[in-house]
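J.: Residue numbers (the working numbering), protein chains in the order written: chain B, 4 to 118; chain G, 180 to 295.
1) Determine the extent of the beta strand (DSSP E) in which residue 226 of chain G is found, giving its start and end residues.
2) Can you give the beta carbon distance from residue 285 of chain G to residue 182 of chain G, rounded, assuming they're within the 8 Å contact cut?
3) Taking the runs of the beta strand (DSSP E) that are 3 residues or longer, which of them lie wholly in the segment 5 to 45 of chain B?
4) Taking only three categories from DSSP, how would you classify residue 95 of chain B?
5) Taking buried to mean at least 16 other C-beta atoms within 10 Å of its own C-beta, is residue 287 of chain G buried or exposed?
6) Would you identify the three-state DSSP class for residue 193 of chain G, choosing helix, strand or coil?
7) Looking only at its own chain, which residues have a Cβ that is under 7 Å from the Cβ of residue 85 of chain B, when we skip the five neighbours before and after it?
8) Identify the contact partners of residue 106 of chain B in chain G, using a Cβ-Cβ distance below 9 Å as the criterion.
9) To the nearest angstrom, how far is the alpha carbon of residue 107 of chain B from that of residue 221 of chain G?
10) Can you give the Cα-Cα distance for residue 247 of chain G and residue 256 of chain G, rounded to whole angstroms?
11) In the DSSP assignment, find the unbroken beta strand (DSSP E) run with residue 53 of chain B in it and report its ends.
12) Tell me which residues share the same chain as residue 27 of chain B and place their Cβ nearer than 8 Å to its Cβ, disregarding the 5 neighbours each side in the sequence.
13) CB-CB under 7 Å to residue 187 of chain G, same chain, minus the five flanking residues each way: which ones, in chain order?
14) So the beta strand (DSSP E) residue 201 of chain G belongs to, where does it begin and stop?
15) Can you check whether the C-beta of residue 9 of chain B is within less than 7 Å of a C-beta belonging to chain G?
16) When the Cα atoms are used, what is the spatial distance from residue 190 of chain G to residue 214 of chain G?
17) Give the residues of chain G in contact with residue 89 of chain B, contact being defined as C-beta atoms less than 8 Å apart.
18) Taking 7 Å as the CB-CB limit, is residue 251 of chain G close to chain B?
19) Could you check where the beta strand (DSSP E) with residue 113 of chain B kicks off and where it finishes?
20) Does the Cβ-Cβ distance between residue 197 of chain G and residue 259 of chain G come in under 7 Å?
21) For a contact meaning CB atoms closer than 9 Å, what does residue 113 of chain B contact in chain G?
22) Do residue 65 of chain B and residue 51 of chain B have their C-beta atoms within less than 7 Å of each other?
23) Would you say residue 219 of chain G lies against chain B (beta-carbon separation less than 7 Å)?
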């Protein structure tokens with residue numbers, strides 16, 4: 004699976020939008036972009052995923068660049084509960100099918116939210 | 180519904196002892212994963228079970244580590260002759276459709292292992 008690059012940390016104010024960037028310049032055509040987050044003292048939890056088009060769900064939005072070499076996770080109104088480490092992960096759908104869906108985690112972005 | 184559960188939540192052991200960590204996946208999930216998270220090392224994959232297929236053990240760090248999954252449900256991770264470097268949080272995850280495009284892994288709360 005191709006590698007991703009994320010900033011080590013970011014800060015946000017409560018109730019403001021947060022844009023978490025991820026670079027994946029070596030992404031292949033069959034790589035899906037997944038985001039997970041890990042709240043303090045908890046296991047990771049799924050946030051969102053996409054392939055080419057922008058995606059929205061109840062937790063967040065995912066904006067994918069036209070060339071797919073970068074993406075941005077958008078939290079529309081940050082809350083204190085959103086303070087977590089956010090992981091951007093690429094998953095090759097063909098490798099996933101043939102070899103299983105293990106996740107390869109990078110260092111992620113530690114998001115802190117100020118009241 | 181019930182999520183992934185792990186036990187114990189905390190385990191303190193002495194160097195050289197064996198430990199067993201348990202994972203109960205979400206009912207009906209065919210895939211089960213073990214990961215560990217060490218301080219400063221991030222999350223790393225250990226082993227993967229899918230149905231009746233042979234497990235993917237490519238992430239196990241040494242032959243002191245083993246895992247089994249009985250009846251396609253509960254899994255036990257065993258660490259023999261524990262070393263201090265085995266101290267970490269051991270996380271279990273399960274998923275319904277590991278080959279699917281929308282596959283989502285659901286993680287348990289983890290077992291914090293401390294080897295003195």
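Glycine included, each C-beta is placed from N, C-alpha and C at the ideal position.
T.: Let's see:
1) 221 to 229
2) 6 Å
3) The segment 5 to 45 of chain B contains these whole beta strand (DSSP E) runs: 12 to 16, 21 to 26 and 34 to 41.
4) strand
5) Buried: at least 16 other Cβ atoms inside 10 Å.
6) Correct three-state label for residue 193 of chain G: coil.
7) Same-chain partners within the cutoff: 78, 114 and 116.
8) 212, 214, 222, 224, 272 and 284
9) 10 Å
10) 7 Å
11) 48 to 53
12) 5, 6, 7, 8, 34, 36, 71, 72, 73, 74, 91 and 93
13) 290
14) 198 to 203
15) Chain G, which has no Cβ nearer than 7 Å to the Cβ of residue 9 of chain B, makes this no.
16) 16 Å
17) Near residue 89 of chain B there are no residues of chain G at all, since even the closest Cβ is about 13 Å away, more than 8 Å.
18) Residue 251 of chain G has a beta carbon lying at 7 Å or more from every beta carbon in chain B.
19) 112 to 117
20) yes
21) What residue 113 of chain B touches in chain G: nothing, since even the nearest Cβ is about 12 Å away.
22) yes
23) no
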